[in-house]
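Engineer: Quick one: the structure is below, questions incoming.
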Amino acid sequence: MRDFVLIYINGKAHRIYGEDVFQPLSTFLRLNLRLIGTKVVCAEGDCGACTVLMGKKKGKTLRYVPINSCIKFIYQLDCSHIITVEGLKEEGSLHPVQQSMVDHFGSQCGYCTPGFVMAMAGMFEERPARLKSQDVREALTGNLCRCTGYEPIIKATLAVNPNHVKTMEERFPSENFLKGFQKYSQDPIAIHYSEKGFDHSQDRFYFNPATWQEALQLKKEHPTATVISGGTDISVQINKRRLCPHKIISLSNLPDLNHIEVEDNVLWIGAKTTWTQLEQFTLKTLPEFHKIINVFASPQIKHVGTLAGNIANGSPIADSLPFLFVADAEIELAETSGTRWVNINRFYHGYKQCDLKPQELISRIRIPVPQPGQLLKLYKVSKRKDLDISTFTAGFMLEIEKSRIKTVKVSYGGVAPIVLRLPQTEAFLKGKKAELAVFQQAGKIARNEVTPISDVRASEEYRLQLSENVLIKLYHEIAAENG
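Using our numbering, the first residue of the sequence shown is number 2, and each one after it goes up by one.
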């Protein structure tokens, strides 16, 4: 058992104790280390000004990806190597990405520039033969600029010769870190900090188990503890809503949960599998779901956020849920005494209320892969295309045989306290001819099955109209694909 978090920053080891463990990485960099090149604007992972590179063990090396340091807390970063904008220069010379930003006038006020530079540097970690404009645009969806404009930044990135860029592995050989990581990652962490305010005092506890069984034992002993893996939602609540979890269990040192595979037409996903892994894997396996993941969030979010977290959070506008509902996905819930499987259609009981006992953790998700003849269609409506909270979501799984709808599953999000299956709409469609009038009538039935509210993203009437119109859109897409 140890009482510190080990992080390397720009090649230098830091043992972090007590109060500092509960800080966002951006705060620790700026206030503790005076690495003020990392900027903070939104503190919720939306603007990218705080972007740094995080290196975590993958195989026999470290793999570096851009992350938002404002919503990544120190307690999530044990046994990792962080590169900030100050760490990019080598022997006093600018990194090729930095030099290209100078040469192509990619910066005006400069406040967002360090975040852009770090996201751009992350693109060259995979040794691309050649970047295309669309590659750059997608990689920079998590970075906002209000004065320069994006065109000079995109041109600056495209002008960099990948052969002239050293990877972080070449700059900072993994062997310098892995021996220490191997030694310490096998030790569980327990840190107790007594936070004293002007008129209050409270104890805070942080646990980082080294094995899955230790994690389950901790959850049994501390059933009210907040479990954090990617933390892309809970960290925002800590920053913006002053949420202060008294007990935290981090899963950062549990590699066994980080896997994804297809076996016997079933997709198996470990609880720590990131959205980036899912996006890459589903490109061919589940292209319709891949399209949703592609616009789900920025690379900085997808590199750390997980499908299991999206499920556990239980938001009625969670982008994954309509697909999981119509696919009849199942969730494995584990505790010290064993495991059980729950179909996701029975997992939610109310707004952010799910069938997860205090002592349980999500360990795996299994999803039947759509077979030939099964048509999967997924939709997301939001105010902007990329990195935006959904206004309305929908999922459909159909089989059409001889122009008739043989089977159908319909799921909507953003129209009730939980994601809904629409049994009346499904019953109406089953056995009907796949023609426009049928889908128009189904839209009216669907409209009566939902109870949306008005909020900052859309009015009740708008969501009702979407509930009706999406079935008409579905018909036209099916008709176009089938000639």
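Beta carbons: idealized from backbone N, C-alpha and C, even for Gly.
1) Return the first residue and the last residue of the alpha helix (DSSP H) that Leu32 is part of.
2) Among Gln441, Lys58 and Pro210, whose alpha-carbon lies nearest the alpha-carbon of Pro189?
3) Report yes if the C-beta distance between Thr392 and Leu217 is below 7 Å; otherwise report no.
4) How would you call Asn164, buried or exposed, if buried means at least 16 neighbouring beta carbons within 10 angstroms?
5) Where does the unbroken alpha helix (DSSP H) through Asp136 begin, and where does it stop?
6) How long is the line joining the alpha carbons of Ile72 and Lys433, rounded to whole angstroms?
7) Going straight from the alpha carbon of Phe440 to that of Cys110, what length do you get?
8) Is there at least one Cβ from chain D nearer than 7 Å to Leu244's Cβ?
9) Grab the span of the beta strand (DSSP E) containing Asp204 for me, first residue to last.
10) Hey, is the segment 240-250 in contact with the segment 258-266, meaning 3+ C-beta pairs nearer than 8 Å?
11) Which runs of the alpha helix (DSSP H) at least 4 residues long sit entirely within the segment 362-399? Give them in chain order.
12) CB-CB under 6 Å to Pro153, same chain, minus the five flanking residues each way: which ones, in chain order?
13) What's the gap between the Cα of Ile8 and the Cα of Phe182?
14) Can you check DSSP and say which residues form a bridge with Asn311?
15) Within the continuous alpha helix (DSSP H) that includes Val103, where are the two ends?
16) When DSSP builds the beta bridges, which residues end up paired with Cys48?
17) Let me know the secondary structure DSSP gives Pro67 once reduced to three states.
18) Would DSSP call Val305 helix, strand or coil?
19) Give, in chain order, every unbroken run of the beta strand (DSSP E) that is at least 3 residues long and sits entirely within the segment 203-275.
20) Expressed to the nearest angstrom, what Euclidean distance is found between the alpha-carbon atoms of Ser468 and Asp320?
21) Would you mind giving the Cβ-Cβ distance between Val296 and Glu45, rounded to the nearest angstrom? I have them listed as a contact below 8 Å.
22) Excluding sequence positions up to five away, which residues of its chain have a Cβ less than 6 Å from the Cβ of Phe178?
23) Find out if the Cβ-Cβ distance for the pair Glu450, Gln425 is shorter than 7 Å.
24) Provide the residue(s) that pair with Lys410 in DSSP beta bridges, ordered along the chain.
25) Does DSSP classify Ile553 as helix, strand or coil?
26) What are the boundary residues of the beta strand (DSSP E) that includes His193?
27) Which runs of the alpha helix (DSSP H) spanning at least 4 residues fall entirely within the segment 142-178, listed in chain order?
28) Report yes or no: do the segment 352-366 and the segment 396-405 share at least 3 C-beta pairs separated by less than 8 Å?
29) Note down the Cα distance separating Val305 from Glu478, rounded to an integer number of angstroms.
30) If I follow the unbroken beta strand (DSSP E) through Gly339, where does it start and stop?
31) What is the DSSP secondary structure of Val416, counted as helix, strand or coil?
32) Out of Ile446, Ile363 and Lys303, which has the shortest C-alpha to C-alpha gap to Asp387?
33) Please classify Tyr352: does DSSP put it in a helix, a strand, or coil?
34) Terminal residues of the continuous alpha helix (DSSP H) containing Ser468?
Structural biologist: This is what the structure holds:
1) Counted from its first residue, the sequence shown places residue 32 at position 31. DSSP places Leu32 in no alpha helix (DSSP H); its state is neither H nor E.
2) Within the sequence shown, the letter at position 188 stands for residue 189. Of Gln441, Lys58 and Pro210, the residue nearest in Cα terms is Pro210.
3) Mapped onto the sequence shown, residue 392 falls at position 391. Mapped onto the sequence shown, residue 217 falls at position 216. The Cβ atoms of Thr392 and Leu217 lie no closer than 7 Å to each other.
4) Within the sequence shown, residue 164 is the residue found at index 163, counting from 1. With fewer than 16 other Cβ atoms from the protein chains shown falling within 10 Å of its own Cβ, Asn164 counts as exposed.
5) Walking along the sequence shown from the start, residue 136 turns up at place 135. Ser134 to Ala140 is the extent of the alpha helix (DSSP H) around Asp136.
6) Against the sequence shown, residue 72 aligns to sequence position 71. Against the sequence shown, residue 433 aligns to sequence position 432. The straight-line gap separating the alpha-carbon atoms of Ile72 and Lys433 is approximately 49 Å.
7) Within the sequence shown, residue 440 is the residue found at index 439, counting from 1. Within the sequence shown, residue 110 is the residue found at index 109, counting from 1. For Phe440 and Cys110, the distance between alpha carbons rounds to 52 Å.
8) As a matter of chain content, chain D is missing from the structure shown, which is built from one protein chain.
9) Numbered from 1 along the sequence shown, position 203 holds the residue referred to as residue 204. It spans Ser202 to Asn209 - the beta strand (DSSP E) in which Asp204 sits, taken as one unbroken run.
10) As far as the Cβ criterion goes, the segment 240-250 does not touch the segment 258-266, which means the pair count is below three.
11) Runs of the alpha helix (DSSP H) inside the segment 362-399: none found.
12) By 1-based counting over the sequence shown, the position of residue 153 is 152. Cβ neighbours of Pro153 within its own chain (closer than 6 Å, five residues either side excluded): His105, Phe106 and Gly107.
13) Along the sequence shown, read from residue 1 onward, the residue named residue 8 stands at position 7. Along the sequence shown, read from residue 1 onward, the residue named residue 182 stands at position 181. Approximately 9 Å, taken between the alpha carbons.
14) In the sequence shown, counting from the first residue as 1, residue 311 sits at position 310. Beta-bridge annotation (DSSP): Asn311 is not paired with any residue.
15) Here the question's residue 103 lines up with position 102 in the sequence shown. Taken as a continuous stretch (DSSP letters only), the alpha helix (DSSP H) holding Val103 covers Pro97 to Asp104.
16) Reading the sequence shown from its first residue, position 47 is the one you call residue 48. Paired residue(s): none; Cys48 is not in a bridge.
17) Within the sequence shown, numbered from 1, the residue matching residue 67 stands at position 66. Residue state, collapsed to three classes: strand.
18) In the sequence shown, counting from the first residue as 1, residue 305 sits at position 304. Three-state DSSP puts Val305 in coil, outside helix and strand.
19) Every unbroken stretch of the beta strand (DSSP E) spanning 3 or more residues and falling wholly within the segment 203-275 is given here in chain order: 227-229, 248-251, 261-264 and 267-271.
20) Stepping through the sequence shown from its first residue, residue 468 is reached at position 467. Stepping through the sequence shown from its first residue, residue 320 is reached at position 319. One Cα belongs to Ser468, the other to Asp320, and the distance between them is close to 16 Å.
21) What you label residue 296 is simply residue 295 of the sequence shown in a count that begins at 1. What you label residue 45 is simply residue 44 of the sequence shown in a count that begins at 1. With a beta-carbon spacing of about 18 Å, Val296 and Glu45 fall beyond the 8 Å limit used to define contacts.
22) Along the sequence shown, read from residue 1 onward, the residue named residue 178 stands at position 177. Excluding positions up to five away in sequence, the list reads Tyr9 and His82.
23) Within the sequence shown, numbered from 1, the residue matching residue 450 stands at position 449. Within the sequence shown, numbered from 1, the residue matching residue 425 stands at position 424. Taking the C-beta atoms as reference points, Gln425 is found nearer than 7 Å to Glu450.
24) As a working mapping, residue 410 is identified with position 409 in the sequence shown. In DSSP, Lys410 forms a bridge with Met398.
25) The structure shown has nothing for residue 553, since the chain only spans 2 to 484.
26) For the purposes of this step, residue 193 is identified with residue 192 of the sequence shown, where counting begins at 1. For His193, the uninterrupted beta strand (DSSP E) run begins and ends at Ile190 to Lys197, by DSSP.
27) Correct list: 151-159 and 169-172.
28) Result no; under three Cβ-Cβ pairs closer than 8 Å.
29) Residue numbering aside, residue 305 sits at position 304 when the sequence shown is read from its first letter. Residue numbering aside, residue 478 sits at position 477 when the sequence shown is read from its first letter. Spanning the alpha carbons of Val305 and Glu478 requires a straight line of approximately 34 Å.
30) Counted from its first residue, the sequence shown places residue 339 at position 338. Segment Gly339 to Asn344, the beta strand (DSSP E) holding Gly339.
31) The residue given as residue 416 occupies position 415 in the sequence shown. Three-state DSSP puts Val416 in coil, outside helix and strand.
32) Your numbering for residue 387 matches position 386 in the sequence shown. That would be Lys303, whose Cα lies nearest to the Cα of Asp387.
33) Within the sequence shown, residue 352 is the residue found at index 351, counting from 1. Looking at Tyr352 - three-state DSSP - the assignment turns out to be coil, as it is neither helix nor strand.
34) Here residue 468 refers to the residue found at position 467 when the sequence shown is read from its first residue. Where Ser468 is concerned, the enclosing alpha helix (DSSP H) stretches over Glu461 to Glu482.
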